[in-house]
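Take a look at the structure below.
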Amino acid sequence: MKTLTAICAIAILTGCGNLATAPRTHPDIARGGFVVEGADNTPIDWNGTLLIVVNTGNGFYVLDFSTRSIISKQVITKMDTVSAIVDSGTLYVFGSNMITPERSLSPGGQILMVSSTNLLDWSQPVSVIQAAPDLAIGNTSVTKSPDGFVMAYDTRAPGYADYSYRFAYSKNLTDWIPIGGVFRPDEYTSCPAIRYEDGYYYVFHLRRRDKQFVTMVSRSTDLISFENQRSEYAVLSPVGHPEDGNATTDLDLVEFGWIVYLTYSAGDQQTWGHIKYATYNGSLKKLMALYF
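See the structure below:
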């Protein structure tokens, strides 16, 4: 376990990154529907079955995406804003214990991890990242990389915007070290999702425009210099979809059966939030080609 500090190189961004108005969702991404109440989530391919891991604020539950039946539920005090990844037949779930009752961030805590090979028997929570006293970590996302795993996480720290992304690397999903730069250190950027595909890390990030919260994507080969998307469309946006309120946040995604499932939280960022989904007919690689 390593202590992650608030001192890190600032990431360089290239391309058109300024949004004058809130964009619409790409027309090739189709809205699905309601999944369950909630916000933070990760869809997963579990041995050929589509499942979704849903945050509860004190742990999580695993839901069958098709039947909406609960397969497993874990109560873990203060394990919040969870994310998940499947590797070699094991489900790993990560969560922060730095979320306050007011849904803000308190610095100096830990990122916890539990795992299971059968969704019935779970490991005890272990601290895999210790934040520095001036660093608070909220949402996380983990992807496989060519030689291990990379985590993206949103942070609050002195001298940086609320929030900005940082990154960590692990060979075993337990021992993590900081890598890369700070993504968008001067602008609100929250709810990370990260995926590695064909030489690039694709970093999905929440932007705030015209009182709308939309999800965009940037990419990088080194997590220091980033290329902003070239498409005028958002990955997900509430614009044109009043049923989604003013926010499409907490995006996560999985490629399953030649379809990319994108799960997200629709709501108003204050009083209500539903986990919903959208789909893209094709691979993640093809989806990303729409934006770059």
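Residue numbers for the sequence shown follow the numbering used here, beginning at 789 and rising by one.
Heads up, the beta-carbon is just placed ideally off N, CA and C, and yes, glycines get one too.
message = Please return the same chain residues whose Cβ sits closer than 6 Å to the Cβ of V1002, not counting the five positions on each side in sequence.
response = A810, R995, A1022 and S1025
query = Do L893 and A981 come within 8 Å of each other at the CB atom, strictly closer than that value?
reply = Not a contact, by the Cβ cut-off of 8 Å.
query = Are there 16 or more other CB atoms within 10 angstroms of the CB of K999, so buried, or fewer, so exposed?
reply = exposed
task = To the nearest angstrom, report how far apart M886 and T1037 are at their CA atoms.
result = 20 Å
query = Can you check whether the CB of I864 is closer than 8 Å to the CB of G847?
reply = yes
inquiry  = Give me the residue from S1013, E1015, I899 and W964 with the minimum Cα distance to V914.
reply    = I899
Boundaries (first-last residue) of the alpha helix (DSSP H) holding K1064 = Element bounds for K1064: not the alpha helix (DSSP H) but the beta strand (DSSP E), G1061 to N1069.
message = With three or more C-beta pairs closer than 8 Å as the rule, is the region 1059-1069 touching the region 810-824?
response = yes
inquiry  = Quick check: what's the CA-CA separation for I1012 versus D974?
reply    = 15 Å
DSSP-derived helix/strand/coil call for A1054 = It is a strand residue.
For M867, three-class secondary structure by DSSP = coil
ask   = Going by beta carbon distance, what residues of the same chain come within less than 6 Å of A753, once the five residues before and after it are set aside?
value = One cannot answer for residue 753 here, as it falls past the ends of the chain, which runs 789 to 1080.
message = With distance defined between alpha-carbon atoms, name the residue in S929, P895, L839 and K866 nearest to P946.
response = P895
ask   = How far does the alpha helix (DSSP H) with A1077 in it reach, from first residue to last?
value = L1072 to A1077
task = Please name the residue or residues paired with D998 in a DSSP beta bridge.
result = For D998, which the question treats as bridged, DSSP gives no partner whatsoever.
Inter-stretch contact at 8 Å, needing at least 3 Cβ pairs: the region 938-955 / the region 904-913 = Touching, no, given that fewer than three Cβ pairs across the two stretches are closer than 8 Å.
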